[in-house]
Amino acid sequence: MELLQLKYFQELARTEHLSKTAEKLHIAQPSLSQTLKRLESELHTPLFDRVGKRIVLNASGKIFLKYVDEIFTSLSNAALELETVRHAESKTVSLHIHSASMLLPGLVKQIQKADPDIHLQIFQQPIPQGAETSSLYLTSSHTCPDSLHSIALMKESLVVALPKSHPLAEKSELLMEDLRQESFLSLSLSSDLARILQFYCEKSNFDPTITTYVDTPAIMRDLLRLNLGIAFIPERTWQGFASETITLRKVADLPMERYILLSWDAARYQTPSMQLCKEVMVRYFKEYNSQFQV
Numbered sequence: 001m002e003l004l005q006l007k008y009f010q011e012l013a014r015t016e017h018l019s020k021t022a023e024k025l026h027i028a029q030p031s032l033s034q035t036l037k038r039l040e041s042e043l044h045t046p047l048f049d050r051v052g053k054r055i056v057l058n059a060s061g062k063i064f065l066k067y068v069d070e071i072f073t074s075l076s077n078a079a080l081e082l083e084t085v086r087h088a089e090s091k092t093v094s095l096h097i098h099s100a101s102m103l104l105p106g107l108v109k110q111i112q113k114a115d116p117d118i119h120l121q122i123f124q125q126p127i128p129q130g131a132e133t134s135s136l137y138l139t140s141s142h143t144c145p146d147s148l149h150s151i152a153l154m155k156e157s158l159v160v161a162l163p164k165s166h167p168l169a170e171k172s173e174l175l176m177e178d179l180r181q182e183s184f185l186s187l188s189l190s191s192d193l194a195r196i197l198q199f200y201c202e203k204s205n206f207d208p209t210i211t212t213y214v215d216t217p218a219i220m221r222d223l224l225r226l227n228l229g230i231a232f233i234p235e236r237t238w239q240g241f242a243s244e245t246i247t248l249r250k251v252a253d254l255p256m257e258r259y260i261l262l263s264w265d266a267a268r269y270q271t272p273s274m275q276l277c278k279e280v281m282v283r284y285f286k287e288y289n290s291q292f293q294v
């Protein structure tokens with residue numbers, strides 16, 4: 001059994017299409033078919049079911065694929081660890097920021113203070129497929145998952161932000177009924193915050209009238225200032241949102257909260273630089289959150 005055989009099988013298992021896989025691997029289709037037959041012969045079991053002109057990964061194939069994926073993950077980790085040893089340490093860490101972006105400048109400053117030689121790659125877009133650098137993900141959720149590859153950095157309430165000139169600003173706290181006729185601003189539907197708010201709205205049978213979707217908190221703040229709507233926002237990580245023109249109010253009959261989560265790919269080797277970034281981020285959020293403790 002050769003690694004090339006396993007690689008061909010892995011690609012074929014993903015596409016379940018001989019000609020497309022052969023084209024992607026730049027080999028002739030008959031050669032790919034022969035490689036698959038030899039592999040199945042060595043394993044004494046078919047890995048695909050033939051359905052007409054199609055092939056479909058069967059139960060044996062799914063079991064084998066799981067171990068093949070582990071083999072290539074282990075090889076990738078070995079190469080990365082050897083590269084780390086060879087160069088003393090891989091200094092590049094990717095941060096995928098999908099929540100708490102307003103705290104990013106202070107966070108980057110603390111990481112660079114801890115190790116000026118660390119090179120950060122910061123993404124707010126979907127994770128690039130096949131990225132080889134060590135990656136950390138800053139996300140949020142309405143639940144705190146019990147996981148060995150994630151840490152809850154903090155918990156915070158979600159509140160309503162509205163212009164101080166808005167009639168509801170006169171109330172010390174709001175009810176969901178107060179909000180049914182209001183026009184809302186929201187971050188894009190792909191954002192963690194929008195998904196969290198969707199969960200709470202569905203939980204309370206509340207269907208907000210969202211008139212505008214925006215990509216950044218800064219745009220939302222500008223639209224709020226112009227009295228173009230109100231918005232649900234995180235109370236602590238968006239602390240700077242309150243201003244001379246914008247006030248924050250809690251919703252008394254629907255407590256809403258989110259968890260800021262730091263996670264990573266448990267299957268990938270963690271470089272010392274990645275470990276240091278994790279430690280700095282945990283410490284940074286602990287110190288940030290302490291200012292709100294009574």
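Numbering of the sequence shown is given in the UniProt record's numbering, commencing with residue 1 and proceeding in unit increments. We treat Cβ as the ideally placed atom computed from N, Cα and C, and that holds for glycine. Bear in mind the structure is a predicted one, so any value in this text is a computation, not a measurement.
Worksheet item: Looking only at DSSP bridge pairs, what is Thr271 linked to?
Response: Here residue 271 refers to the residue found at position 271 when the sequence shown is read from its first residue. Paired residues: none, contrary to the question.
Practice prompt. Please state whether DSSP places Pro234 in a helix, a strand or coil.
Written response: Position 234 of the sequence shown, counted from the start, is the residue given in the question as residue 234. DSSP places Pro234 within a strand segment (E or B) once states are collapsed to three.
Fill in: Cβ shell of Ala131 (< 8 Å), same chain only, five flanking positions each side left out
Along the sequence shown, one-based indexing puts residue 131 at 131. Caution applies to Ala131, whose pLDDT of 49 falls short of 50 and renders its modelled position unreliable; the value that the coordinates give is listed next. Spatial neighbours of Ala131 in its own chain (CB-CB distance under 8 Å, excluding positions within 5 residues in sequence) are listed in chain order as Ser94.
Discussion item. Since Tyr269 and Asn77 should fall inside the 8 Å C-beta cutoff, what is the C-beta to C-beta distance between them, to a whole number of angstroms?
Written reply: Start at 1 with the first residue of the sequence shown, and residue 269 comes out as number 269. Start at 1 with the first residue of the sequence shown, and residue 77 comes out as number 77. Between Asn77 and Tyr269 the Cβ distance is about 4 Å, and since that is below 8 Å, they are a contact.
Worksheet entry | Candidates Val160, Gln125 and Lys109: closest to Asp215 by CA position | The sequence position of residue 215 within the sequence shown is 215, counting from 1. If we check each option's Cα against that of Asp215, Gln125 comes out closest.
Worksheet item: Expressed to the nearest angstrom, what Euclidean distance is found between the alpha-carbon atoms of Lys109 and Ala100?
Response: If you number the sequence shown from 1, residue 109 lands on position 109. If you number the sequence shown from 1, residue 100 lands on position 100. Each residue's alpha carbon lies about 15 Å from the other.
Worksheet item: Would you say the stretch 103-121 touches the stretch 166-176, given that touching needs at least three Cβ pairs under 8 Å?
Response: No, the stretch 103-121 does not touch the stretch 166-176.
Worksheet item: Which runs of the alpha helix (DSSP H), 4 residues or longer, sit entirely within the stretch 31-111?
Response: With a minimum length of 4 residues, the unbroken runs of alpha helix (DSSP H) contained wholly in the stretch 31-111 fall at 59-86.
Worksheet entry | beta strand (DSSP E) runs contained entirely in the stretch 174-207, provided each spans 3 or more residues | Those beta strand (DSSP E) runs which fall completely within the stretch 174-207 and span 3+ residues are 183-187.
Worksheet item: Are the beta-carbon atoms belonging to Thr271 and Thr139 less than 7 Å from one another?
Response: Counted from its first residue, the sequence shown places residue 271 at position 271. Counted from its first residue, the sequence shown places residue 139 at position 139. Going by C-beta atoms, Thr271 is not nearer than 7 Å to Thr139.
Worksheet entry | Host alpha helix (DSSP H) of Leu12 (start-end) | Along the sequence shown, read from residue 1 onward, the residue named residue 12 stands at position 12. Counting along the chain, the unbroken alpha helix (DSSP H) around Leu12 starts and ends at Leu3 to Thr15.
Worksheet item: Which residue comes first and which comes last in the alpha helix (DSSP H) that contains Glu23?
Response: Taking the sequence shown and counting its residues from 1, one reaches residue 23 at position 23. Taken as a continuous stretch (DSSP letters only), the alpha helix (DSSP H) holding Glu23 covers Leu18 to Leu25.
Discussion item. With distance defined between alpha-carbon atoms, name the residue in Phe72, Phe123, Arg221 and Ser74 nearest to Pro234.
Written reply: Translated into the one-based positions of the sequence shown, residue 234 becomes position 234. That would be Arg221, whose Cα lies nearest to the Cα of Pro234.
Item to complete: Give the secondary structure of Gln291 by DSSP, where H, G and I count as helix, E and B as strand, and everything else as coil.
Response: Stepping through the sequence shown from its first residue, residue 291 is reached at position 291. Three-state result, Gln291: coil.
Worksheet entry | Among Leu107, Lys91 and Leu104, the one whose alpha carbon lies nearest that of His119 | Position 119 of the sequence shown, counted from the start, is the residue given in the question as residue 119. In this structure, Lys91 is the residue among Leu107, Lys91 and Leu104 with its C-alpha nearest to the C-alpha of His119.
Fill in: Residue from Ala231, Leu162 and Ser183 with nearest C-alpha to Ala194
Locating residue 194 in the sequence shown gives position 194, where the first residue counts as 1. Selected option, being the one with the closest Cα: Ala231.
Fill in: Own chain, CB closer than 8 Å to Glu173, minus 5 neighbours either side, in chain order
For the purposes of this step, residue 173 is identified with residue 173 of the sequence shown, where counting begins at 1. Cβ within range, chain order: Arg249, Lys250, Val251 and Ala252.
Item to complete: Report the rounded CA-to-CA distance for Asn227 versus Ser186, giving the unit in angstroms.
Response: Indexing the sequence shown from 1 puts residue 227 at position 227. Indexing the sequence shown from 1 puts residue 186 at position 186. When only Cα atoms are considered, Asn227 and Ser186 end up about 14 Å apart.
Fill in: Per-residue burial, Gly106 [other beta carbons within 10 Å of its own, 16 or more giving buried]
Stepping through the sequence shown from its first residue, residue 106 is reached at position 106. That one is exposed.
Discussion item. Taking the alpha-carbon of Met102 as reference, which of Arg236, Glu279 and Lys286 has the nearest alpha-carbon?
Written reply: On the sequence shown, position 102 is the one that residue 102 refers to. Per the Cα distances, Arg236.
Discussion item. Beta-carbon within less than 6 Å of Gln5's beta-carbon, same chain only, minus the 5 sequence neighbours each way: which residues are those?
Written reply: As a first step, residue 5 must be located in the sequence shown, where it is residue number 5. When the five nearest sequence neighbours on each side are left out, the beta carbons in the same chain lying within less than 6 Å of the beta carbon of Gln5 are those of Thr35 and Leu39, in order along the chain.
Worksheet item: Taking three-plus beta-carbon pairs below 8 Å as touching, is the stretch 149-160 in contact with the stretch 254-261?
Response: Here the stretch 149-160 lies against the stretch 254-261, with 3 or more beta-carbon pairs under 8 Å apart.
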